[in-house]
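Asker:
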Amino acid sequence: FYVHYRQPILRMPIDNEDTETSLWRFVVSTYVRSETYNDVARITRLNGRLSRIMALKLLKVYNSILSKMDRNEAFRQMVESAMDQRDSTSRESRANLEREVKSLINFYVGNMKKVGDTVNRVRMLFGESVGHEIADILLSTDIDPYRLRLISMLNSLIRLIVDAKYVVDTVSDVDAERVGVVGGVKRMTKASELRDMMPSERLLMKFAKPVFAYKLAMGNVLVRERKAVRKPKIYMLIDKSGSMFYTVNVNIFEVGAISKITWATALAVILAMKGGNLAVRFFDQQVYPILTNKKDIVRMLLSLIPLGGTDITNAVRAAIQDAADKASLRNYKLVIITDGEDDNVDPSVFNKAKTVFRSVKAILVGGENSVIENSTDTIKIQELSSESLTHVIKKI
161 FYVHYRQPIL
171 RMPIDNEDTE
181 TSLWRFVVST
191 YVRSETYNDV
201 ARITRLNGRL
211 SRIMALKLLK
221 VYNSILSKMD
231 RNEAFRQMVE
241 SAMDQRDSTS
251 RESRANLERE
261 VKSLINFYVG
271 NMKKVGDTVN
281 RVRMLFGESV
291 GHEIADILLS
301 TDIDPYRLRL
311 ISMLNSLIRL
321 IVDAKYVVDT
331 VSDVDAERVG
341 VVGGVKRMTK
351 ASELRDMMPS
361 ERLLMKFAKP
371 VFAYKLAMGN
381 VLVRERKAVR
391 KPKIYMLIDK
401 SGSMFYTVNV
411 NIFEVGAISK
421 ITWATALAVI
431 LAMKGGNLAV
441 RFFDQQVYPI
451 LTNKKDIVRM
461 LLSLIPLGGT
471 DITNAVRAAI
481 QDAADKASLR
491 NYKLVIITDG
501 EDDNVDPSVF
511 NKAKTVFRSV
521 KAILVGGENS
531 VIENSTDTIK
541 IQELSSESLT
551 HVIKKI
């Protein structure tokens, strides 16, 4: 744990040290000198949870060697020779043991080169707490190909959000429904508007207090006007069936290619970052729990398994039931994001949804579905890009 939490200081070996202790020192020393450790330490330093995750992986390396020693007498003798500096074959044995340790580090720890860069991008965009969550997911993933797929999805998500050029600061401590946005200039009418004073008025207040007091008494202090802007209230259903994990017009996973599910998640995250109220349910043949903040939405994206069919009817019915159970949801716009690969859509559910929600729209991502297109307002997307994201956000 300490090796990952702080910069380690390894004590010198003592006389008559037992083989297990010497072996542990050798494993830790080999690990700390490795390039993998440098990549890992940048993420885990001063983070207790991430340090524990990586400590367990390092212990697996050590435990694997101990287990192999129990099973293989020749291997045990090689380890004991490597730990005994007086043994004439010690140098060759240590070289063999070092190769074994490095191989186990590669197996249990994996390739961490891209993890640090991706986590830093997430922290810059979403903040420290989300960065820690993502680091937790990536470090907990034991299989390199799966970790690389997660990194690819994350990088695509970040690129989409950054390129969309939308404000990413979440509105906090204010009414998310109507938020003041600076507009023109007007005379101050109440004390709370002091924060919006024009720079010239601030100079008077600081250097010409009598003049400022006179203007204040006469009601002539100029402030920036704040306009009330309605923030979105959106209930979003996102299809997470197997076909949504492919990109448009491409039949296989490609490194760097944007999948339909990543594009849909980017849309949800941007809306969450812009403030307002957002409820998101992912669905395939079943409907998953409601998510309401960007951290949970991103975490869900990385934990999704690309399996299962699509039941759009069931998902819309679940949304209708949510609105029936919670009256405040009836002011929300219902947005369904899917590639339309469902041959059993019941058109009547859209009519029912229109009586419950403020409006109903479907976004068909790289697909077609005549029932959906004939039943509700539909936006068709054939290109997974920041431009198409911007277009859809304006439409909904």
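According to my numbering, the sequence shown is numbered sequentially starting from 161.
Every residue gets a Cβ at the ideal spot worked out from N, C-alpha and C, and that includes glycine.
No experiment lies behind these values; they were computed from the predicted model shown.
For my contact list, residue 299 and residue 210 are in at a C-beta cut-off of 8 Å; report their separation, rounded to the angstrom.
Answerer: With a Cβ gap of about 6 Å, residue 299 and residue 210 count as contacting.
Asker: Taking Cβ positions, are residue 425 and residue 451 nearer each other than 8 Å?
Answerer: No, these two residues do not count as a Cβ contact at 8 Å.
Asker: Can you tell me whether DSSP reads residue 488 as helix, strand or coil?
Answerer: It is helical.
Asker: Considering only DSSP beta bridges, list what residue 395 is partnered with.
Answerer: Bridge partners of residue 395: 439, 494.
Asker: Would you be able to state if there are at least three C-beta pairs under 8 Å between the stretch 483-490 and the stretch 442-451?
Answerer: Too few Cβ pairs lie closer than 8 Å, so no.
Asker: For a test of the three-state rule: what should DSSP assign to residue 327, helix, strand or coil?
Answerer: Low confidence applies to residue 327: its pLDDT is 37, below 50, so where it sits in the model is not reliable, and the reading given next is rough at best. Coil, per DSSP.
Asker: Would you check if there are 3 or more beta carbon pairs closer than 8 Å linking the stretch 471-482 to the stretch 504-516?
Answerer: Cβ pair count under 8 Å is three or more, so yes.
Asker: In or out: residue 260 buried (at least 16 other Cβ within 10 Å) or exposed?
Answerer: Buried is the call here.
Asker: How far does the beta strand (DSSP E) with residue 457 in it extend, from its first residue to its last?
Answerer: Careful: residue 457 lies outside any beta strand (DSSP E), inside the alpha helix (DSSP H) at 454-463.
Asker: Where does residue 536 fall in DSSP's three states?
Answerer: Residue 536: coil per DSSP, three-state reduction.
Asker: Using 8 Å as the cut-off, can you tell me whether the stretch 509-519 makes contact with the stretch 539-549, which would need three or more C-beta pairs spanning the two stretches below that distance?
Answerer: Judged by Cβ distances under 8 Å, the stretch 509-519 makes no contact with the stretch 539-549, as fewer than three pairs qualify.
Asker: Could you please give me the residues that DSSP links to residue 401 through a beta bridge?
Answerer: DSSP lists no partner for residue 401.
Asker: Kindly identify the DSSP beta-bridge partner or partners of residue 121.
Answerer: No information on residue 121 is available, as it lies outside the stretch 161 to 556 that the chain covers here.
Asker: According to DSSP, simplified to helix, strand and coil, what is residue 350?
Answerer: In the structure shown, residue 350 sits in coil (DSSP, three-state: anything other than H, G, I, E or B).
Asker: Please list the terminal residues of the continuous beta strand (DSSP E) segment that includes residue 522.
Answerer: First-last of the beta strand (DSSP E) with residue 522: 519-525.
Asker: How big is the Cα-Cα spacing for residue 539 and residue 385?
Answerer: Cα-Cα distance, rounded: 36 Å.
Asker: Looking only at C-alpha atoms, which of 520, 457, 372 sits nearest to residue 477?
Answerer: The candidate whose alpha carbon is nearest that of residue 477 is 520.
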